[in-house]
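Protein chains in written order, with our numbering: chain A, 123 to 504; chain B, 123 to 504.
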């Protein structure tokens, strides 16, 4: 067996250019410092975050980091005292320490990262990303695999919000994903939309595949668990946009049902516990189910079997929740003889960011939900 | 919100029949004793294992239990002393205790069960399973959700094998799965095949869907990780049977490559570490990859990203390994901008048992592998 390392190394030197010694890899293997040569950037303990770029890389000047919700929650809990007070200073110090130690912002407990906004500073001559210096971009690959250096000590951040004003630089590989921020939407809104843009793109694809099947008559009934959330509301909008029939939103509480009221995103809004293998199928059935396509956007464990039991034989379930248990899904379907197709919600679908932004532009209902969420965050964070 | 309980309760009393008071549920909710009314049989701590059946149930007289590999391994490790000797007596006692306490054979540590062979004793008038008294059957739903009572103290079992001769009874619900054992194959062979019959059925379906797509030219290249194993070899046979193009088997060691030699199951057999994000894609590429369809049958953690990097853009990955991490798959694909469809390997596809048995009958290569495995087991177990 030949060592795999050569496979990823594109030989890409230009005469007279001052590039690092090792050739680059489109997935960033050349930036992995620990463990050396045996890991992808996401699994690595430490990345090479130097500013100098390889020929297929892009350097971005950082403006804002957006820590992912699970990571920030873990940090906030850790730095909240018995009196319930969050110590923003020590939280900030820990984030600085993580980035200094690992060369990337990857929470060591949750393993997750987040995304960032910045301005393109330098584009390598062989970068396939289509970016130009000066482009205002958001990175759509996780911070957990993005080389990052912070130079301002995060002095403009009080540690009390997932949104972190920051100075420094980040590196994009050949096979990274970044999207130019639109000029007609605020960066905050665009970022919030792009953070969950995999969901609407995949839902639209699955709905279109369904309606294209020769053996299908009526448009599919789509049930979205967590329909009032970010990915859930975009999933509903995408379902409507791509030809779904009845759309049923499931939410846990009255307050979330009220959010969807009048948005036109769903034909039925149902209040039910998505973890209830008895209650959920009954509630979905009462609203016109079972589902032909069930979309799980509820970030709590235990929704696998309820989703399976709410889905018709021959139907599809898309799991977007990171709380999904693979074994619970696989065994759960087998245990009740459910012939359902279950998809791991891949956050990458070509064109996903543009599609999600288009939905927000064109669908006043989903746009209103996102803007309301932004307002609420601004109110919450002094 | 109306309570969900009514949804599953089919009102199904026959005049004059002595049935239990509560109506039955096709997924067995009526047999859940703890926690009462809030759980499916698999998640339940304790099931009602009484012999009397509801009108849609079937009672099977048990002949053999087949503990699943993960469960038996855990039990064997627990009951092996520091001298490396397995105490079969205490292992047997623990299995008896589990069944007596829980009303089902579900390993409390692994959560897994296994399957059983037996003879149909009584069929309720409303059972949809199509079984008749006297049928020699294997249950294809997990023992972890099957009401079970053992009456012989497992006296014919020495605790040293996953295969447990047993007397007692088991209950099948309306929506259980059981297959009549074929007369032309030994029960041991049939059971071993049916234990993994979800894999070939789903692989065949995915290959057929692929070849039916209007935008596809050549038949798909199928890569099976763990190609010499039970589900892996059946997956290879199914791929060939359903119109795959190039078939590449990946195995970890020379000995497994030798097993596939001359079977005709694969066009290429590659020895590589399926956990290597660098080595696996390189090895698959050298053998004619990347894959259009990758089938993961390797029961070790960490194969998600290597599988993703071995699959072409637009391709499909089917994860059959219970060691699959949902998050590693979802984030792994996003992290390298991989537009791949990732399926949770659902163990149930209608007709799966019959299809797998047909493959074994018609494909001498895969049959030879299974028979060799049976011989090896018989040699190992005195």
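For every residue, glycine included, the Cβ atom is placed at its ideal position computed from N, Cα and C. Bear in mind that the values here come from a model prediction, so they are computed numbers and not experimental data.
- Give the range of the beta strand (DSSP E) segment to which residue 220/A is assigned. If you look at residue 220/A, you'll find it isn't in any beta strand (DSSP E); it sits in the alpha helix (DSSP H) that goes 210–224.
- Is residue 474/A helix, strand or coil by DSSP? helix
- Message: List, from N- to C-terminal side, the beta strand (DSSP E) runs of 3 residues or more that fit wholly inside the segment 262–344 of chain A.
- Response: DSSP assignment within the segment 262–344 of chain A yields the following whole beta strand (DSSP E) runs of 3 residues or more, N-terminal first: 270–272, 285–287, 290–294, 300–302.
- Item | Buried or exposed (CB count within 10 angstroms, at least 16 for buried), residue 384/A | exposed
- Message: Can you check which of these residues, 265/A, 320/A, 477/A, 275/A, is closest to residue 295/A by C-alpha distance?
- Response: Considering only alpha carbons, the answer is 265/A.
- Task: Have a look at the DSSP bridge pairing and note the partners of residue 188/B.
- Result: 237/B, 285/B
- Same chain only: Cβ atoms within 6 angstroms of residue 403/B, ignoring 5 sequence neighbours per side: 431, 432
- Item | Cα-Cα separation between residue 318/B and residue 465/A, rounded to whole angstroms | 20 angstroms
- Task: Kindly list the residues whose CB is nearer than 8 angstroms to the CB of residue 99/A, restricted to its own chain and excluding five residues on each side of it in sequence; keep chain order.
- Result: Look at the range of chain A in this structure, 123 to 504, and you will see that residue 99/A is not part of it.
- Item | is_contact[residue 522/A, chain B] using C-beta, thresh 7 angstroms | Coverage of chain A is limited to positions 123 through 504, which leaves residue 522/A absent and any answer about it impossible.
- Message: Looking at chain B, is there any beta carbon in it that lies within less than 7 angstroms of the beta carbon of residue 455/A?
- Response: yes
- Query: From what residue to what residue does the beta strand (DSSP E) around residue 370/B run?
  - Reply: 369–373
- Endpoints, the beta strand (DSSP E) within which residue 435/A is located: 433–441
- Item | Cutoff 7 angstroms: residue 232/A Cβ touching any chain B Cβ | Output row for residue 232/A: interface = no.
- Message: Let's test the definition: count the other Cβ atoms within 10 Å of the Cβ of residue 497/A and tell me whether it reaches 16, buried, or not, exposed.
- Response: exposed
- Task: Locate the beta strand (DSSP E) running through residue 463/A, then write down its first and last residues.
- Result: 463–466
- Item | Cα-Cα separation between residue 310/A and residue 487/B, rounded to whole angstroms | 59 angstroms
- Query: Measuring CA to CA, which of 224/A, 186/A, 209/A is closest to residue 156/A?
  - Reply: 224/A
- Task: Could you spell out the range, first to last residue, of the alpha helix (DSSP H) harbouring residue 406/A?
- Result: 401–408
- Query: Counting contacts by CB-CB distance shorter than 7 angstroms, is residue 446/B in contact with chain E?
  - Reply: Absence of chain E from the displayed structure is noted, the protein chains being A and B.
- Message: Please classify residue 292/B as buried or exposed, where buried requires at least 16 neighbouring CB atoms within 10 angstroms.
- Response: buried
- Query: How is the beta strand (DSSP E) around residue 155/A delimited, first residue to last?
  - Reply: 154–156
- Looking at the structure shown, is residue 145/B part of a helix, part of a strand, or coil, going by DSSP? coil
- Query: What residue from 367/B, 270/B, 349/B, 363/B has the CA that sits closest to residue 377/B's CA?
  - Reply: 349/B
- Within the 7 angstroms Cβ cut-off, does residue 359/A reach chain B? no
- Item | Residue range of the alpha helix (DSSP H) that includes residue 357/A | 352–363
- Message: For a quick check, are the C-beta atoms of residue 288/B and residue 322/B less than 7 angstroms apart?
- Response: Taking the C-beta atoms as reference points, residue 322/B is found no nearer than 7 angstroms to residue 288/B.
- Message: What does the Cβ neighbour count give for residue 178/A, buried or exposed, with the cut at 16 atoms within 10 Å?
- Response: buried
- Along chain A, which residues have their Cβ under 9 angstroms away from the Cβ of residue 451/B? 448, 466, 468
- Query: Would a check of beta-carbon distances place residue 287/A closer than 7 angstroms to chain B?
  - Reply: no
- Along chain A, which residues have their Cβ under 8 angstroms away from the Cβ of residue 461/B? Neighbours of residue 461/B in chain A, taken as residues whose beta carbon is under 8 angstroms from its own, are 468, 470, 471, 472 in chain order.
- Message: By DSSP's criteria, residue 231/A is part of a beta bridge. Which residues make up the other side?
- Response: Answer by DSSP bridge pairing: none, since residue 231/A is not bridged.
- Message: I want to verify the contact list: residues of chain B whose CB lies under 8 angstroms from the CB of residue 151/A, in sequence order.
- Response: 400
- Residues that residue 299/B contacts on chain A, provided the C-beta gap is smaller than 7 angstroms: Simply 459.
- Message: Rounding to the nearest angstrom, what Cα-Cα distance links residue 200/A and residue 257/B in this structure?
- Response: 59 angstroms
- Task: Please list, in chain order, all residues of the same chain as residue 189/A whose beta carbon is under 6 angstroms from its beta carbon, the five residues on each side excluded.
- Result: 236, 284
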